[in-house]
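Visitor: Residue numbers (this note's numbering): 18 to 431. Using N, Cα and C, we set each Cβ at its ideal position, and we do this for glycine too.
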Amino acid sequence: MKRNFLTRNYCILCNSKKIIDVLKLEETPLANSYPIRKNIKEQYFPLTTSLCNKCGHLQLKQVVSPKKMFSNYLYVSGTSKVLIRHFNKYCNKMISKFKLKKKDFILDIACNDGTFLEFFVKKKFMNIVGVEPAKNLRNINIRKKIKINTIFFNETNSFTLKKKYQKFKLISANNVFAHVPNLKSFALGVKNILDNKGVFVFEVSYLLDVINKLSFDTIYHEHMSYHALKPLISFFNSLGMNVFDFDLIDSQGGSIRVYVCHAGQRRIFKNKINNQIIKEFKRGLFKKKLYEKYYKRMTQEKIKFQRYICKYDSKFVFGFGAPAKLTTFSHFFRIDRNQINSIVDDNKLKQKRFSPGQKFPIISYEKLKKSQCKVIIIFAWNFAESIIKKLRKFFRKKNVKVIVPFPKLRIINL
Ligand SMILES: [Zn+2]
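#1: Which residues does DSSP list as the beta-bridge partners of D264?
#2: Using a threshold of 7 angstroms, state whether the C-beta atoms of G336 and F396 are closer than that.
#3: Who are the near neighbours of K406 in its chain, counting only those whose CB is closer than 7 angstroms to its CB and skipping five residues on each side?
#4: Please go through the same chain and pick out, in chain order, the residues whose beta-carbon is closer than 7 angstroms to the beta-carbon of F22, but skip the five residues on each side of it.
#5: Only counting the same chain, and skipping five residues up and downstream in sequence, which positions put a Cβ closer than 7 angstroms to that of C390?
#6: From N144 to F122, what does the alpha carbon distance come to, in whole angstroms?
#7: Quick one: Cα of K342 to Cα of K201, how far?
#8: Can you give me the C-alpha to C-alpha distance between E172 and I228, rounded to a whole angstrom?
#9: To which residues does DSSP link D125 through a beta bridge?
#10: Just the Cα atoms here: how many angstroms apart are I326 and N26?
#11: Let's test the definition: count the other Cβ atoms within 10 Å of the Cβ of T177 and tell me whether it reaches 16, buried, or not, exposed.
#12: Would you identify the three-state DSSP class for Q389, choosing helix, strand or coil?
#13: Write down every uninterrupted run of the beta strand (DSSP E) in the stretch 48-115 whose length is 3 residues or greater and which is fully enclosed by it, in chain order.
#14: Under DSSP, the alpha helix (DSSP H) around E297 begins and ends at which residues?
#15: Looking at chain B, is there any beta carbon in it that lies within less than 7 angstroms of the beta carbon of I236?
#16: Which residue comes first and which comes last in the beta strand (DSSP E) that contains E43?
#17: Can you look up D212 in the DSSP assignment and give me helix, strand or coil?
#18: Measuring straight from C-alpha to C-alpha, what distance separates F233 and N153?
#19: Nearest by alpha-carbon distance to I37: which of K304, I236, K287 is it?
#20: Would the beta-carbon of P6 fall within 7 angstroms of that of K140?
#21: If you reduce the DSSP assignment to three classes, tell me which class Y223 lands in.
#22: Just the C-alpha distance for I250 and F170, rounded to the nearest angstrom, thanks.
#23: Which residue wins for smallest C-alpha separation from N129, given the options L117, K106, S97?
#24: Would you check whether ligand 1 has a heavy atom nearer than 6 angstroms to the C-beta of K78?
#25: Taking the beta carbon of L75 as the centre, do at least 16 other beta carbons fall within 10 Å, making it buried, or is it exposed?
#26: Tell me whether C327, by its Cβ, gets closer than 6 angstroms to a heavy atom of ligand 1.
#27: Is the stretch 52-59 touching the stretch 208-225 in the sense that three or more CB pairs, one from each, lie closer than 8 angstroms?
#28: Find the nearest neighbour of F400 within the set A339, T24, Q323, judged by alpha-carbon distance.
#29: Give the range of the beta strand (DSSP E) segment to which N164 is assigned.
#30: Need the endpoints of the beta strand (DSSP E) that L23 sits in, please.
#31: For G131 versus K161, is the C-beta distance shorter than 7 angstroms?
#32: Quick one: what's got a C-beta closer than 7 angstroms to F419's C-beta in the same chain, skipping five residues either side?
#33: So V146 and L124 are supposed to be a Cβ contact under 8 angstroms. How far apart are they, rounded?
#34: From R351, R283, F104, pick the residue whose C-alpha is nearest to that of R323; which is it?
#35: Quick check: does the Cβ of L30 come within less than 6 angstroms of any heavy atom belonging to ligand 3?
#36: Quick check on this structure: which residue in I159, N174, Y276 has the alpha carbon closest to the alpha carbon of F115?
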């Protein structure tokens with residue numbers, strides 16, 4: 018089978034060619050591919066990260082075509098209650114922090130099923146625009162009264178939006194800044210349509226959390242970048258923009274929300290930003306050595322996990338949550354097809370399909386309730402607490418053990 022991916026030999030943020038390989042994971046199929054049949058032959062891709070010696074950015078070495086990954090997307094934000102609450106709070110904060118008015122133009126890039134924008138619509142904001150390349154998510158946005166554009170966002174396409182609408186007071190991009198193969202074109206596109214006093218805000222998984230929480234499973238082909246604050250500052254400066262503030266947030270296992278404006282248009286919270294960058298340096302984020310230690314920790318956790326799980330017959334072992342990160346996790350931990358019965362996922366689009374690679378069947382929660390399960394592994398570990406609460410309602414005193422694999426293997430009696 019033809020392996021269609023590119024190998025990137027320069028830094029996506031600063032263009033430097035001084036990049037070195039730091040983490041080599043197991044080859045996997047695409048993390049969101051979820052085959053319909055068990056016997057479908059899947060394409061595997063290498064999975065390596067590389068570190069820029071100039072600006073300190075960590076990125077993926079292999080770049081798979083975004084069209085292959087994002088044109089039909091099964092991840093829907095609206096299926097997670099935790100995420101819905103998060104977006105509600107986030108929307109309120111943006112309105113009060115930047116004094117947004119009902120007539121202001123607001124754009125969300127990669128708006129998914131419109132979960133975030135819907136909160137603005139409900140508050141009677143009139144000019145709510147979304148960009149989302151996934152064709153299967155178009156109608157759901159239209160139903161939510163979002164002016165949807167089914168395109169990939171980049172500098173060229175930003176001119177189309179400029180013609181269609183006014184410049185935007187707020188442009189958001191949540192959990193997408195890691196997914197973009199050409200960040201320069203993306204950022205220039207934002208600059209092109211951002212109001213002079215406008216704000217570009219994005220939330221992205223934070224490298225410091227990926228390291229501290231050992232969440233290496235967030236490394237998969239869709240995530241082309243693993244962002245820290247320091248490399249982003251120099252990146253935006255080079256494009257005539259400024260990072261002026263940031264927030265650290267809990268979502269997606271630890272994220273950073275970064276605020277960007279046109280250069281010189283807002284007060285920059287310099288001390289706050291510098292203190293965070295010092296933390297990044299102290300942790301060793303920009304040095305190869307950290308990633309060598311990290312790899313050792315990953316291997317130790319894998320051994321612990323395998324020792325525990327091999328005691329059980331697969332018919333009693335279930336997973337909970339089939340997020341994209343399951344793919345990296347299950348391949349690196351070498352979880353065999355014969356070790357797990359099935360995996361529950363509340364997203365109906367995933368049910369009756371199979372997990373990428375090992376092809377664990379994906380089932381509904383109702384099916385789990387009827388099973389003889391003894392062990393439930395939480396693969397969607399960033400939602401562990403709410404999943405445990407849900408499981409307790411049914412499985413309490415039924416002698417079921419729950420495993421939370423990260424940041425350290427935890428075994429809980431329900
Ligand atoms: Zn760089």
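Guide: Reading from the atomic positions:
#1: R274
#2: yes
#3: none
#4: F62, Q79, V80, V81
#5: F333, F335, V417
#6: 5 angstroms
#7: 26 angstroms
#8: 32 angstroms
#9: G147, S189
#10: 39 angstroms
#11: exposed
#12: coil
#13: 62-69, 75-77, 79-81
#14: 287-300
#15: Checking the listed chains, one finds no chain B in this structure; it contains a single protein chain.
#16: 36-45
#17: strand
#18: 29 angstroms
#19: K304
#20: Outside the modelled stretch of the chain, which goes from 18 to 431, sits residue 6, for which no answer is possible.
#21: strand
#22: 22 angstroms
#23: S97
#24: no
#25: buried
#26: no
#27: no
#28: A339
#29: Before going further, note that residue 164 is Lys rather than Asn in the sequence given. It spans 164-166 - the beta strand (DSSP E) in which K164 sits, taken as one unbroken run.
#30: 22-24
#31: yes
#32: Note on identity: in this sequence residue 419 is Val, with Phe being the wrong assignment. So the list reads I393, I395, I405, L408, I429, L431, once near-sequence residues are dropped.
#33: 5 angstroms
#34: This sequence places Gln at residue 323; Arg is not what is there. Comparing Cα positions, the closest option is R351.
#35: Here the bound small molecules are ligand 1; ligand 3 is not part of this structure.
#36: Y276
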